[in-house]
Each structure stands twice: as structure tokens, then as C-alpha cells.
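Read in order, the letters of the sequence shown are residues -6 to 248 in the numbering used here. In this text, a Cβ means the ideal position worked out from N, Cα and C, and glycines have one as well. Contents: one structure, followed by commentary.
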Amino acid sequence: AYDGRVPHRERVQQVVDWLALPEEQRPELVTLYFSVVDSASHTFGPAAPETLSAISEVDYQIAALWQAIESINAEEGADINLMLVSDHGMSKVDPDLFIDTNTLPRPKGFKRVNGSTRVTYYQRDPDADMNALASALDRMSDGRWRRLSSLDLAERHFQEHPGVGDVIIETAPPRVFRGGGGRDADLRGMHGYPSTVEDMAAFLVAVGPDFQQGRVIPEAHQLDVYPVAATLLDLKVPDNISSDGGPLRAILLEP
């Protein structure tokens, strides 16, 4: 289980120890997570000195890990690959523009959930008036948010699931929804905005004996990671996975 209290150096060393085991004992898949960049970005902002320091720290740890992997591959004849992924980007937020959720409607018959970049209303009473709620939210938005239409939801595949909600409003950087306005909160960065926001783009780097060296592709989707990893592990990709690896598969030596 993940334990955020474990120092970075110990995390890396544990992975190296596992990978250095004899082939018959070596794990087929190891995952390693660093939260420090995400935490610093939320607290100080994506371009803050504290965040840049966190990036440098993780960069150092990854360099140490890759150096160890290269040694194991060379000395033990192993074929260990390394894939670096992030699950989201980060946008700078302005505390002076926080939207106080206490000012939003909270009519009877609805459950309201704040997701920082969007607020979702769930109809709990079938007689609760969704049209009235939607109209009220539209009237008071003043350009601070937009209400997602059925077309918006369809484009994002937010359909036919109880978690989607019935009325959803969404803001854009540098705004977030915060209870009480949250102007004193330590929050200077946020993710969860639409994928069309450039800052939401994540990065992906793959290196190792099964990947082409120096190959750059314009973009790949997060859904492409699983099929490519499964291919490297000689696993069959389930039929319900909505990607075959896409452009990421093209950087394999044997796609």
C-alpha cells in the first residue's frame, strides 16, 4: 500500500532492490508515486519556487532510479522499461476570484457537491424542479461559470452513470469553487478543468529496451498507457478497454 510518509530515497531504493532480484523472483510490474509536485503546486502555484524545487527533487530521484535500471539491464541482461506519467496538469488560481459556494442555490430535493472546478447537483426528490435550479444558476453566473449541457456531457462520456449528476456548473482558471470563499486557504493551483484547457495536459516519457530512442510524438491519451503496458507484460488487453495504445504504441520497437 502507498505510504506518503516514506522518504523519496527509500521509495526508490525499494524499487531498485525489487528489480535487482533474480529474474525468477523479480516483479513483472512495479509502480512508484511521488506526491510532492502535486502538493506544492496546489499550495503555492504551478510556477512557484517551492514547486520548482519539488520538481527538481523528483527529477533527481528519477535519475537515480533510471541509472540503477540501466545498470541492472546491462549487468543482468534484464529488459526493464520505465514509463513516467502524470495524471493531470495544473493551472494557477487567484484567491481573489474564488467563488463562494455558500452563495449558490441549495434548494430542497437536491444534494450539492463541490468539486472545486465544478459543482454538481443530484436530484434526490423526483418532484424537485431542475429547470428552476438551472435557470437560477444561469442568471447568477455573471460569466464566472457555465452550466454543462447534455451535449457537453455526451462529448465527455458523462452519461448513464449515477455519479454524473443532474445539473452541473463548471468554472475556468483562475477561478475555483470554495466554501466561504476560501480566500485565506493555501490554494494557488488546481486541476480538474476541461481537457481543452492547455494547462491540463500531462506529460509522458517512456524509455527502455522496448522503446524507440529519441522518438517524439505530438500527443497520446492517458487511455493509451494501459494497452502499451499490457503489451510489454505479454498480457491480453480486455475488450472493454477503449484504446489499443494509439500513437503511444507506435514508439514501441515492435508495435
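- About 5 Å separates the Cβ atoms of Ile244 and Arg208, confirming a contact at the 8 Å cut-off.
- The three-state reading of DSSP puts Gln116 in strand, counting E and B together.
- If you compare the alpha carbons of Lys229, Phe196 and Arg140 with that of Glu212, the shortest gap goes to Phe196.
- Annotation: Leu146 to Glu153 spans about 10 Å, alpha carbon to alpha carbon.
- Counting along the chain, the unbroken beta strand (DSSP E) around Ile162 starts and ends at Val160 to Glu163.
- Here the alpha carbon of Leu14 sits roughly 26 Å from the alpha carbon of Lys229.
- Counting the other Cβ atoms within 10 Å of the Cβ of Val169 gives 16 or more, which makes it buried.
- Every beta strand (DSSP E) stretch that sits fully inside the stretch 82 to 144 and reaches 3 residues is listed by chain position as 103 to 107 and 111 to 116.
- Cβ contact annotation for Ile73 (same chain, cutoff 7 Å, sequence separation greater than five): Leu12, Ile62, Ile65, Asn66 and Gly201, in chain order.
- Contact annotation, Ser84 with Tyr186: C-beta distance approximately 6 Å; criterion of less than 8 Å satisfied.
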